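To start, the structure itself, in structure tokens.
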Amino acid sequence: MAVLLGLLNFSSLHHATLKLFIYPHLFYRHQASDAVPNELENAFRSISPPGVPPLVTAQQTEFLRALQSSIQFFTNRMLSDSQRGRSIANDTTVQALFTTLHEMHPQLLQYMHQLEQRRVVMLSKI
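Residue numbers (our numbering): 76 to 201.
This is how it looks when you write it as structure tokens:
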């Protein structure tokens, strides 16, 4: 378990969580109407100038939703263990969620790199 705690990099987890708030349209769907997210996605597609990669793909959206739910579940489970005075070393769910998040991290970095490349292309066209 010491290895698990040693590998857990709260700064990168925090960075990923901050991305949830910086780009909320990538992560949240309005429950009242499915038309609103589709309108947002169409609006983002329409503002992309020629030669600029799309802001987000359906695959990225699905990945980011899965990442968000995993982070929320992971955080809630650790808070629950903490409030009950339990050690996360004995919680197999926390360990499994950590492994899942650890495996998702390279993909998240790749998507962040793609967004950064898009930003550079957009700035060069100004």
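The C-beta atom is built at its ideal place from N, Cα and C for all residues, glycine as well. From a predicted model like this one, the values you see are computed outputs, not experimental measurements.
* To do: List the endpoints of the continuous alpha helix (DSSP H) containing N151.
  => Unbroken alpha helix (DSSP H) run through N151: A133 to Q158.
* Assign H105 to buried or exposed, taking buried as 16 or more other Cβ atoms, counted over all protein chains shown, within 10 Å of its Cβ. => Note that H105 has pLDDT 40, beneath the 50 cutoff, so the model's placement of it is unreliable and the number below is only indicative. In the assembly as shown, H105 is an exposed residue. Its beta-carbon has fewer than 16 other beta-carbons within 10 Å.
* Report the three-state DSSP secondary structure of R193 (helix, strand or coil). => Reduced to three states, the DSSP call for R193 is helix.
* Does the region 131-142 come within contact of the region 175-194, defined as at least 3 CB pairs closer than 8 angstroms? -> With a cut-off of 8 angstroms, the region 175-194 and the region 131-142 count as touching, because enough Cβ pairs lie within range.
* To do: Verify whether the separation of the beta carbon atoms of L172 and S145 is less than 8 angstroms.
  => Yes, they are a contact pair.
* **Check whether L130 and R194 have beta carbons under 8 angstroms apart** => The Cβ-Cβ distance between L130 and R194 does not fall below 8 angstroms.
* Asked: How is S199 classed by DSSP in three states: helix, strand or coil?
  -> Helix, per DSSP.
* Asked: Where S162 and F148 are concerned, what is the direct C-alpha to C-alpha distance, given to the nearest angstrom?
  -> The alpha-carbon atoms of S162 and F148 are separated by roughly 17 angstroms.
* Less than 8 angstroms separating the beta-carbons of V169 and M153? -> Closer than 8 angstroms, so yes.
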